[in-house]
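Take a look at the structure set out below.
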Amino acid sequence: MNVPLATPVVALVGNPNAGKTSLFNALTGSRQKVGNYPGVTVERKAGRLPLPDGRIAELIDLPGTYSLTPRSPDEAVTRDAVLGLLQGEKRLDAIIAVVDATNLRNHLRFVLELRRLGLPMLVALNMVDLAARDGMTIDVERLSAILGLPVVATVAVRRRGLDDVAAQVAATLRAETPVLAVVADADVRLLQREARVIADTVTLTQGARRRWSQRLDGVALHPVLGPILLAALLFCMFQAVFAWVSAPTDWLAAQVTLAQGALTAGMADGPLRSMLVDGVLGGVGAVVVFLPQILILFFFILCLEQSGYMVRAAFLMDRLMARVGLNGRAFIPLISSFACAVPGIMATRTIDSPRDRLTTILIAPLMTCSARLPVYAVIIGAFIPDRPVLGVLGLQGLVLFVLYIAGVVGALVAAWALRHTVTKGPSPTFLMEMPKYQWPAPRDIGIGMYQRAMAFITRAGGIILVSTIALWALATWPKPPADWNRPALEYSIAGRIGAGLEPIFRPIGFNKEIALALVPGMAAREVAVSALGTVYSLQGTDENHTDGLITKLQAAWSLPTALAFLAWFVFAPQCISTLAVTRRETGGWAWPAFMFAYLFAAAYVAAGITYWTARALF
Amino acid sequence: MLEPRLIERLSPGEVATIAAIDRAGLDPLTAQRLHELGFDEGVDVELLHRAPFGGDPLAVRVGNMTVALRKSMARLIEIEAPAAPAAIAAE
């Protein structure tokens, strides 16, 4: 009779692309928690797995890896977790080895390596439906007998075999704490050959190879069509970000204005009303309205990742990346950085060469992240006329596209320069599995988007709320004396800070309101918008807040200033989160300091050139 | 023929068998990863695609896996015509 364990810890381990995360989502549903492993920025996903005997296990989704010999930081986490070496983590009570049924020969090798550890273990033979569709028949009982491990056939995306997995986990968990067998490093070639023999023994019919996946690759990797398709996909992504969101964004913006109006009408004039209307709603509201755009961007990125296309993009880009001293693998974190540099920098943990990884981290903030969208959207909306160019394209969309391209070109130039100076060294090679194409599972996309939305709202409620209230306070006090005949803002602490910073920014066309907005904008880039919202909201004589920020900016800024502001934000280093994650990833303040300095210099120069060129032209 | 055959010389869709892998030309971790991805003596490889802009990197099928690798690494993998009787010699 087993004595129930307190909370048994069970981990999903397996090759990349074995469908681990889908299985994790299917087994735990929404009962999951996303965090970080201590000391490293590798995402730690844990969830509650109810067992049929009434116990509840903690299920951990470990990063995919090919073996217990790590090549990159995320693979090292998996090895350390499995071997019980991870600081602050409980030892594993059991392992669920996830195996792609269509790729038994390779995936069984890792199962054999894991089996040597002697931990309680079961095998989830995943994607058996795809194997069946390819005409492949696998003798599950025989596989179980040969391995000496329970084997459960699953289809994670269709939720098949989940109860069997839970039942087998319950049966596998033993009362006593498992003891890891001390084993010498496995000889990969011996395991590989053993795995091939087992795979050939249990595979009753081989079936046709995935010709349809190769046919898709015939287009996606075609010398001419491939790059066109990639460019078209990226263009669609950014077009959608702007075109699909006007309804939800306008609705959110209207709600913010309604709330401001209601508070103004319903409350007596005073500091509290000013704080809520100008500080909280003016600031946080200006950022929250961009939630739809950020979600659409994440939707595209999640789809590209889960369909298997992202690796094809890396393949297509490898040659170009090699020119600047990187490899195609670096393209994937850079695409993620279009959503946010923080997950982008975290995604660099899959890059095995430390120099490559450092270079990618340093250029990741140059990819236009979604936090810059609010800034771009407001300025473009205010200063770029909405008129068609070349028939179909809108001028506003085109300017946005140019800003994204400027970021990409800037990143490539920076990578080249860095690889020839501070991260000088031999070029790493490009070696990567190209997983089969899969329809993205709506559940996995949904969970991914939900987690991103919560992260954004938490940010809006946390750092953005705090910094806008702080800015509101600084911009409100001290109150000017009665005979002060200029805007009250100029008398406040914030006004004086802005005036103090103005000389630094005057040469590139920034006024003191901008200088002021850049200070809280350090917290997060989108705060610059909410800060401008707060500053101009307080400064304005517009009692009923009928004028949006756009109207106020049009009155206050010249076109060269607006363009310089856009150019500034292509490079702008302002984001505490990015610097913090860089510090964690590089293990010190030296690289984040370097990153801040070089981005600040680039932003200053770019804004200056833009300002003076625009002044000469317009 | 004395000159070793190379994956990059295959025409797309052509299958060959891995004869030898030059592990001395690789660092140990990369050599191990090559095996983890399924490369091994005696295993079939097929050239699937060449990347645009110069045909580097290559996409090859090895076993049931599709792997992308650069020509420089593919050159460390020596191949021979497959042992299967159905194979037709290219030359």
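First to last, the sequence lines map onto chains A and B.
In short: position in the first sequence from 1, add 23, done, that's our numbering.
To convert, note that position 83 of the second sequence is 73 in our numbering; the numbers rise steadily by one, no gaps.
By construction, the Cβ of each residue, glycine as well, lies at the ideal position given by its N, Cα and C atoms.
Keep in mind the model is a prediction, meaning the values are calculated, not measured.
In whole angstroms, what is the alpha-carbon distance linking residue i and residue j?
i, j, result
"A:F528", "A:I251", "41 angstroms"
"A:R638", "B:G15", "58 angstroms"
"A:L539", "A:I492", "14 angstroms"
"A:L320", "A:V436", "25 angstroms"
"A:V211", "A:A476", "42 angstroms"
"B:R60", "A:T452", "7 angstroms"
"A:R606", "A:K447", "20 angstroms"
"A:A394", "A:G420", "17 angstroms"
"A:G417", "A:I402", "15 angstroms"
"B:M55", "A:A438", "31 angstroms"
"A:V112", "A:A104", "What sits at residue 112 of chain A in the sequence shown is Glu, not Val. In a straight line, the C-alpha of A:E112 is about 7 angstroms away from that of A:A104."
"A:A193", "A:G171", "17 angstroms"
"A:L142", "A:P31", "13 angstroms"
"A:I470", "A:I169", "37 angstroms"
"B:P2", "A:L145", "39 angstroms"
"A:V312", "A:L275", "5 angstroms"
"A:Q110", "A:L91", "18 angstroms"
"A:V542", "A:L423", "24 angstroms"
"A:P294", "A:G305", "14 angstroms"
"A:P397", "A:F361", "13 angstroms"
"A:L281", "A:G433", "41 angstroms"
"A:E513", "A:R519", "6 angstroms"
"B:A41", "A:V202", "48 angstroms"
"A:E566", "A:L72", "Confidence at A:E566 is low in this model, with a pLDDT of 47, below 50, so its placement is unreliable and the value that follows should be read with caution. So the two alpha carbons sit approximately 55 angstroms from each other."
At 9 angstroms on the CB atoms, spell out the chain B contacts of residue i, in chain order.
i, result
"A:Y338", "Looking at the sequence provided, one finds Phe at residue 338 of chain A rather than Tyr. Here the neighbours are H39, A41, P47, A49, A58."
"A:T125", "N54"
Leaving out the 5 sequence neighbours to the left and right, which residues in its chain are closer than 8 angstroms to residue i when beta-carbon positions are compared?
i, result
"A:T371", "A353, P356, R380, T383, I384, A387, E608"
"A:L622", "P388, L389, F594, A595, P596"
"A:A124", "L148, N149, M150, V151, L153, A154, M159, I161, A176"
"A:I632", "A590"
"A:A579", "N534, E536, Y559"
"A:D506", "none"
Tell me which residues share the same chain as residue i and place their Cβ nearer than 7 angstroms to its Cβ, disregarding the 5 neighbours each side in the sequence.
i, result
"B:R13", "A21"
"A:F322", "I468, M472"
"A:R219", "R128"
"A:A46", "This sequence places Leu at residue 46 of chain A; Ala is not what is there. Excluding residues within five positions, the ones whose Cβ falls inside 7 angstroms are L35, V121, A147, N149, T177, A179."
Is it buried or exposed, residue i, if we count other Cβ atoms within 10 angstroms and call 16 or more buried?
i, result
"B:H39", "buried"
"A:K20", "Because chain A in this structure spans residues 24 to 641, residue 20 of chain A falls outside the shown range and cannot be described."
"A:N508", "exposed"
"A:F588", "buried"
"A:T224", "exposed"
"A:R234", "exposed"
"A:T228", "exposed"
"A:A288", "exposed"
"A:S612", "The sequence given here places Trp at residue 612 of chain A; Ser does not occur at that position. It is exposed - the Cβ of A:W612 has fewer than 16 other Cβ atoms within 10 Å."
"B:A80", "Since pLDDT at B:A80 reaches only 39, below the 50 mark, its modelled position is unreliable, and the value read off the structure follows with that caveat. It counts as exposed."
"B:A77", "Residue confidence is low: B:A77 scores 41 on pLDDT, short of 50, so the model does not pin down where it sits. No coordinate-derived value is stated."
"A:C259", "exposed"
"A:D2", "In the structure displayed, chain A extends from 24 to 641; residue 2 of chain A sits before or after that span and is not available."
"A:T601", "buried"
"B:D17", "exposed"
"A:V303", "buried"
"A:H443", "exposed"
At a CB-CB cut-off below 8 angstroms, which residues of chain A make contact with residue i?
i, result
"B:R87", "Because chain B spans -9 through 81 in this model, residue 87 of chain B falls outside it and cannot be assessed."
"B:S62", "T452"
"B:L19", "T92, R94, D375"
Name, please, each residue of chain B whose Cβ falls closer than 7 angstroms to the Cβ of residue i.
i, result
"A:Q215", "H25, D30"
"A:V211", "Q22, H25, E26"
"A:N149", "By Cβ distance, chain B contributes nothing, its closest Cβ being about 14 angstroms from A:N149, past 7 angstroms."
"A:R410", "Within 7 angstroms Cβ-Cβ: nothing; A:R410 doesn't reach chain B, min ~35 angstroms."
"A:R128", "G28, G53, N54"
"A:M457", "A49, T56, V57, A58"
Can you list the residues of chain A that residue i reaches, using a CB-CB cut of under 9 angstroms?
i, result
"B:G15", "By Cβ distance, chain A contributes nothing, its closest Cβ being about 11 angstroms from B:G15, past 9 angstroms."
Please find out if some non-hydrogen atom of the ligand MG comes closer than 7 angstroms to the beta-carbon of residue i.
i, result
"A:A154", "The ligand MG is absent from the structure shown, which contains no ligands of any kind."
Which residues in chain D have a C-beta closer than 7 angstroms to the C-beta of residue i? List them in chain order.
i, result
"B:L(-4)", "Here chain D cannot be found, since the structure's protein chains are A and B."
Here's a check: name, in chain order, each residue in its chain whose Cβ is nearer than 6 angstroms to the Cβ of residue i, leaving out the five neighbours to either side.
i, result
"A:A190", "P75"
"A:I83", "A34, A69"
"B:M(-9)", "The predicted position of B:M(-9) is uncertain, since its pLDDT is 48 and thus under 50; a value taken from the coordinates is nonetheless stated next. Answer for B:M(-9): no residue qualifies."
"A:R296", "M290"
Going along chain B, which residues have a C-beta under 8 angstroms from residue i?
i, result
"A:T391", "Those do not exist, as A:T391 stays about 24 angstroms from chain B at its closest Cβ, beyond 8 angstroms."
"A:M618", "Per Cβ cutoff of 8 angstroms: no residues; A:M618 is ~28 angstroms from chain B at best."
Can you list, in chain order, the residues of the region 234 to 266 of chain A whose Cβ is nearer than 8 angstroms to any Cβ on chain B? S236, Q237, D240, G241, L244, H245, P246, V247, G249, P250
Short of 8 angstroms Cβ to Cβ, which residues in the region 320 to 344 of chain A face chain B? V334, A337, F338, L339, D341, R342, L343
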